[in-house]
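Colleague: Residue numbers (our numbering): 8 to 240. Beta carbons: idealized from backbone N, C-alpha and C, even for Gly. Remember, it's a predicted structure, so these values are computed and weren't measured experimentally. Below you will find the structure I want to go over with you.
Take a look at the structure:
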């Protein structure tokens with residue numbers, strides 16, 4: 008069935024039409040992957056995303072593509088939705104994902120984000136967002152020595168404190184951590200140390216790139232058996 012714009016009074020919303028629209032979206036599955044590259048340190052610094060955009064320099068992992076990244080962050084006030092972009096070596100945005108403010112916590116916790124298009128000479132960029140009362144801060148080390156983390160001042164990138172992060176390359180046959188539907192609908196699955204699913208977060212963007220839908224379910228276990236699936240804010 009061909010897809011075309013709807014016209015008032017001419018088109019109906021039925022299962023055939025809606026299913027054809029959903030089927031046209033690109034679905035990606037992102038697995039745990041294998042640790043490839045990380046930024047380490049004592050985690051005593053905080054990079055304030057209400058005042059600056061930050062980025063880390065990237066390189067190609069070689070045989071396997073980078074599939075996701077973990078970083079530490081802390082929410083202040085209500086937080087703010089955070090856009091994470093992948094730039095190529097020419098500064099062109101090749102991938103974007105927006106993380107809901109509700110994903111972040113106080114005190115700090117680790118967040119996983121799916122990535123695509125990471126390569127030599129590029130950057131993973133954390134876009135400035137929020138205000139003085141409501142924002143997110145990235146956790147960084149108290150050093151700039153050999154740091155690959157930069158903040159954007161005007162049109163120039165200036166070296167700053169090393170972001171604490173880990174990048175993973177796609178290897179398959181391990182835990183499913185993210186699903187991405189056409190870069191507008193995202194799911195993040197969390198597991199405990201024993202491989203039990205503990206939480207599912209799902210969000211969807213509107214046409215302006217804002218988080219319009221957010222759902223979160225936590226799973227409780229007794230003796231390894233799931234006993235409760237609870238919807239939480």
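Using the C-alpha atoms, what's the distance from residue 142 back to residue 84?
Modeller: As a position in the chain shown, residue 84 is number 77, starting the count at 1. As a position in the chain shown, residue 142 is number 135, starting the count at 1. Our two residues, residue 84 and residue 142, have alpha carbons roughly 7 Å apart in a direct line.
Colleague: What is the rounded straight-line gap between the Cα of residue 102 and the Cα of residue 238?
Modeller: Reading the chain shown from its first residue, position 95 is the one you call residue 102. Reading the chain shown from its first residue, position 231 is the one you call residue 238. Straight-line Cα distance between these residues: approximately 30 Å.
Colleague: Drop a sphere of 10 angstroms on the beta-carbon of residue 174, count the other beta-carbons inside from all chains shown, and report buried for 16 or more, exposed for fewer.
Modeller: If you number the chain shown from 1, residue 174 lands on position 167. Answer is buried; the Cβ neighbour count reaches 16.
Colleague: Could you check whether the Cβ of residue 99 sits closer than 8 Å to any heavy atom belonging to the ligand GTP?
Modeller: Among the components modelled here there is no ligand, and therefore nothing to report on the ligand GTP.
Colleague: Which residue comes first and which comes last in the beta strand (DSSP E) that contains residue 24?
Modeller: Here the question's residue 24 lines up with position 17 in the chain shown. Not the beta strand (DSSP E): residue 24 falls in the alpha helix (DSSP H), residues 22 to 30.
Colleague: Can you look up residue 110 in the DSSP assignment and give me helix, strand or coil?
Modeller: Within the chain shown, residue 110 is the residue found at index 103, counting from 1. In the structure shown, residue 110 sits in a helix (DSSP, three-state: H, G or I).
Colleague: Return the CA-CA distance between residue 62 and residue 196, expressed in angstroms with no decimal places.
Modeller: Along the chain shown, read from residue 1 onward, the residue named residue 62 stands at position 55. Along the chain shown, read from residue 1 onward, the residue named residue 196 stands at position 189. Cα atoms of residue 62 and residue 196: separation of roughly 25 Å, rounded to the nearest angstrom.
Colleague: Across the segment 15 to 28 and the segment 127 to 142, are there enough close Cβ pairs to call them in contact, namely three or more that are closer than 8 Å?
Modeller: no
Colleague: Roughly how many angstroms lie between the CA atoms of residue 223 and residue 16, to the nearest whole one?
Modeller: Position 216 of the chain shown holds residue 223. Position 9 of the chain shown holds residue 16. In a straight line, the C-alpha of residue 223 is about 37 Å away from that of residue 16.
Colleague: What did DSSP end up calling residue 168 once you bin it into helix, strand or coil?
Modeller: Translated into the one-based positions of the chain shown, residue 168 becomes position 161. Three-state result, residue 168: coil.
Colleague: So, at 8 Å on beta carbons, what are the nonlocal neighbours of residue 251 in its own chain, with the 5 sequence-adjacent residues on each side left out?
Modeller: This structure leaves residue 251 out entirely; the chain is present only between 8 and 240.
Colleague: Looking only at its own chain, which residues have a Cβ that is under 6 Å from the Cβ of residue 236, when we skip the five neighbours before and after it?
Modeller: Residue 236 sits at position 229 when you count from the first residue of the chain shown. If we look at residue 236 and ignore the five residues flanking it on each side, its Cβ neighbours are 224, 226.
Colleague: Once DSSP output is grouped into helix, strand and coil, what is the label at residue 17?
Modeller: Walking along the chain shown from the start, residue 17 turns up at place 10. Three-state DSSP puts residue 17 in coil, outside helix and strand.
Colleague: Look at residue 166 and residue 157 and say whether their C-beta atoms are less than 9 Å apart.
Modeller: Mapped onto the chain shown, residue 166 falls at position 159. Mapped onto the chain shown, residue 157 falls at position 150. It is a contact, given that the beta carbons lie within the stated cut-off.
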